[in-house]
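Going by the working numbering, the sequence shown opens with residue 1, and the numbers climb by one from there. Structure first, then comments.
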Amino acid sequence: MYQPPHFKETRQEVLHGLIRTHPLGLLVSNGAEGPVANAIPFLLDDDVLPNGRLRAHLAKANPQWRLLADNPASPVLVVFQGADAYVTPSWYETKRETGKVVPTWNYAIVQVRGTVRVIDDADWIAQQITELTASQEGGRDLPWAVTDAPPAYIQSQIKGIIGLEIAITAIDGKWKVSQNRPVADRVGVAEGLESEAPNPDAPDMAGMVRAWGGIDSK
């Protein structure tokens, strides 16, 4: 991933935080006919290994897991995409001063590299899907739990999936959130994003522009 120094994010707690907030990752691996990619939700274990570990599952009907099982030493890439937003030059003070501005796109992204262990174990898979469900249901008024479904039905579903465990060997983050712009431009971007009703990511991106750009919140 191209990482200019001013956009590079190295704090592990920040990188892990984006994974937890945006757990749907794009799993990319190599196959005989080229790259293979699938979007799947992940759990992050941050208390093991220097960089942590990812856990997930695939449908057994999905051929990617067989490629992974046949090439256990081949590294994989998982991409986690955070908030993103188009940035119009109209928000820049520099536009009014010199006119020398162009549009851009702000975003936060984490890329994880690691080695995969394919796990065909019903107890492991049951634990993984239970924890994954709890991570998404915990804040709801009426959270659904795996145990709410009939046990025989859950067991039949488990038979159709396979577990994945990825030991993270490298983790990189890029927060392109207007840090390279003059302060007046950063303020303009934050305020512009805060008025962007059509984009659901705009409030989060505005907050990042303020936080990473050293701008006080409104």
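Note that CB positions come from ideal geometry on N, CA and C, so glycine has one too. Quick caveat: nothing in here was measured; it's all calculated off a predicted structure.
Give the straight-line distance between the Cα atoms of Val78 and Arg113, rounded to the nearest whole angstrom.
6 Å
Alpha helix (DSSP H) runs contained entirely in the segment 131 to 211, provided each spans 4 or more residues:
151 to 158 and 183 to 194
Applying the 10 Å Cβ sphere with the 16-neighbour rule, what's the burial state of Ser178?
buried
Alpha helix (DSSP H) segment containing Arg53, residue limits:
Premise fails: Arg53 lies in the beta strand (DSSP E), Arg53 to Ala59, not in any alpha helix (DSSP H).
Leaving out the 5 sequence neighbours to the left and right, which residues in its chain are closer than 7 Å to Pro22 when beta-carbon positions are compared?
According to the sequence provided, residue 22 is His. The question's Pro does not apply to it. Within the same chain, His22 has close Cβ partners Phe80, Gln81 and Gly82.
The alpha helix (DSSP H) that contains Val14, what's its start and end?
Gln12 to Thr21
Judging by CA-CA distance, which residue of Asn62, Pro50, Arg210 and Pro4 is the nearest neighbour of Val187?
Arg210
Compare the beta carbon distance of His6 and Ile162 with 8 Å and say whether it is the shorter of the two.
no
Proximity of Leu26 and Ala37 at Cβ, strictly below 8 Å:
yes
Cβ-based burial, Ser29 [other Cβ within 10 Å; buried from 16]
buried
Give the straight-line distance between the Cα atoms of Gln111 and Lys174, rounded to the nearest whole angstrom.
9 Å
In terms of DSSP beta bridges, what is Ser29 paired with?
Val36
Ignore the nearest five residues each way along the sequence and tell me which others in Pro4's own chain have a CB closer than 8 Å to its CB.
Asn180
What residue from Gly192, Asn106, Gln136 and Gln157 has the CA that sits closest to Lys176's CA?
Asn106
Distance, Lys8 Cα to Asp189 Cα
What sits at residue 189 in the sequence shown is Val, not Asp. For Val189 and Lys8, the distance between alpha carbons rounds to 20 Å.
Neighbourhood of Val101 by C-beta, 6 Å cutoff - its chain only, sequence neighbours within 5 removed
Pro89, Tyr92, Thr94 and Lys95
Supposed close pair Val76, Val116 - CB separation, criterion 8 Å
5 Å
Coil, strand or helix - Thr98 by DSSP:
coil
Return the chain-ordered list of same chain residues with a C-beta closer than 6 Å to the C-beta of Asp185, the five sequence neighbours on each side being excluded.
Tyr92, Glu93 and Thr94
According to the Cβ coordinates, are Val87 and Thr104 closer than 8 Å?
yes
Less than 8 Å between the CB atoms is what I'm expecting for Leu18 and Ala39, so what's the real figure, rounded?
Contact doesn't hold; Cβ gap of about 16 Å is too wide.
Would Ala126 and Ile158 qualify as a contact pair, given that the criterion is a beta-carbon distance under 8 Å?
yes
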